[in-house]
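A quick write-up on the structure given underneath.
Numbering (the working numbering), first residue to last: 975 to 1421.
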């Protein structure tokens, strides 16, 4: 099938590449000429395991191409995916400017019947707006081609997006026409062979499903962080609690790991946007307000621990920081806990020596050159002569470190662990002062 993807960001690039790998003829469009040239040269602007090789293979085979000519994109695709960004406005609502710009472009340039698929995460009712913009644009031209607008939200986890697309849990499609359903089945047939993963519904329900899914996962994280904070006060160990409740199949083990708060491009933005949607229809979404508030407070937990340990005086202190990305297997630092941590410590006069296996360039882009941020080449190099080690991201390479080396390199053996990677009793035996999240009496383990 001939498919056009408008937007070569995270969602658009993964979607286009995976569809091309399944045999479709895919043209990815972006108005950023420099970005398109980079992609044509095989320079992938994001880190996502397995994506670079797939892009290279499918470009070489001719199944995948990139262009900045929007008319070429509209002409190419019988099916056009809209996968542009929807950044948050100041009030938390999603900015639909780019989505509606693409819709207008399609309406201005289409020369035959089209199916337009909304892949961007958008508020409930956006498909209707896209349909209206396309219809009005065609009316202004004096043409009337048949088209349908579909909601097909993405459920891709950063760090596992290629696998999620290739082996989806579900493929949610919001549309009304039976002919469009048949077409969408054909698009996703290569990913739907084992058993039927396609879930058809109306557009409004499909749009709400995406927000509801992310809000539910964010709720689980904030709930577990709330329980972890209670555990600290009553002397319980959240790791034991986690295992106790996770063994209940109604709850499960996923997304019940306490830590220093969630981040990324999805959960924070989508919780805010869903809350804004509720506000617009006159509903007070108290649970969503609480989820967001708990997460905001949780991000201050690590810097507060650090300041408390040093009796509020961190001026001139140097801290080794392991982990900058909001989660492992990505270079994405949007809404990352590390941002709050660093800025809080900088405000107190501290210096950060940071290491992350993928997000170093991103940190450089965000903060530029500053004397209180030193980006180190290895996790070991970050330790040298630091006053303490702080862990923000649970990369696998951090899970079994050389503790003797850590002890030798730090000025004092102090670890602030925002992801509960280590066992407090073992750290105590090794002579460390160890701070973790929700470990009760083990919150601070001092030898």
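For glycine and all other residues, C-beta sits at the position ideal for the given N, C-alpha and C.
Beta-carbon proximity check, residue i vs residue j, cutoff 7 angstroms
| i | j | result |
| --- | --- | --- |
| residue 1320 | residue 1346 | yes |
| residue 1298 | residue 1330 | yes |
| residue 1000 | residue 1038 | yes |
| residue 1324 | residue 1291 | yes |
| residue 1269 | residue 1231 | no |
| residue 1361 | residue 1332 | no |
| residue 1395 | residue 1413 | no |
| residue 1133 | residue 1303 | yes |
| residue 1068 | residue 1108 | no |
| residue 1054 | residue 1088 | yes |
| residue 1326 | residue 1349 | no |
| residue 1059 | residue 1072 | yes |
| residue 1196 | residue 1091 | no |
| residue 985 | residue 1128 | yes |
| residue 1311 | residue 1234 | yes |
| residue 1406 | residue 1364 | no |
| residue 1005 | residue 1040 | no |
| residue 1145 | residue 1172 | yes |
| residue 1251 | residue 1097 | yes |
Helix, strand or coil at residue i according to DSSP, with G and I counted as helix
| i | result |
| --- | --- |
| residue 1236 | coil |
| residue 1384 | coil |
| residue 1219 | helix |
| residue 1018 | coil |
| residue 1299 | coil |
| residue 1000 | strand |
| residue 1417 | Interpretation of residue 1417 is limited by its pLDDT of 48, a score under 50 that renders its predicted location unreliable; the figure taken from the coordinates is listed afterwards. The answer is coil: DSSP assigns residue 1417 none of H, G, I, E or B. |
| residue 1057 | coil |
| residue 1263 | helix |
| residue 1370 | helix |
| residue 1288 | coil |
| residue 1395 | coil |
| residue 1362 | strand |
| residue 1258 | coil |
| residue 1275 | helix |
| residue 1007 | helix |
| residue 1031 | helix |
| residue 1403 | helix |
| residue 1283 | helix |
| residue 1164 | helix |
Residues that residue i bridges to, as DSSP identifies them
| i | result |
| --- | --- |
| residue 1125 | 1092 and 1148 |
| residue 1327 | 1294 and 1348 |
| residue 1242 | DSSP lists no partner for residue 1242. |
| residue 1131 | According to DSSP, residue 1131 bridges with nothing at all. |
| residue 1040 | 1002 |
| residue 1062 | 1068 |
| residue 979 | 1002 and 1055 |
Beta-carbon separation (whole angstroms), residue i vs residue j, contact threshold 8 angstroms
| i | j | result |
| --- | --- | --- |
| residue 1148 | residue 1176 | 6 angstroms |
| residue 1042 | residue 979 | Not really, about 13 angstroms apart at Cβ, beyond 8 angstroms. |
| residue 1249 | residue 1099 | Wrong, their Cβ atoms sit about 16 angstroms apart, outside the cutoff. |
| residue 1125 | residue 1206 | Rounded, the Cβ-Cβ distance is 42 angstroms, inconsistent with contact. |
| residue 1056 | residue 1093 | 6 angstroms |
| residue 1139 | residue 989 | 7 angstroms |
| residue 977 | residue 1036 | Rounded, the Cβ-Cβ distance is 14 angstroms, inconsistent with contact. |
| residue 1300 | residue 1238 | 5 angstroms |
| residue 1030 | residue 1047 | At roughly 21 angstroms, the Cβ-Cβ gap does not stay under 8 angstroms, so residue 1030 and residue 1047 are not in contact. |
| residue 1371 | residue 1337 | Between residue 1337 and residue 1371 the Cβ distance is about 17 angstroms, and since that is not below 8 angstroms, they are no contact. |
In chain order, which continuous runs of the beta strand (DSSP E) of length 3 or greater are located wholly inside the segment 1171-1231? 1172-1175
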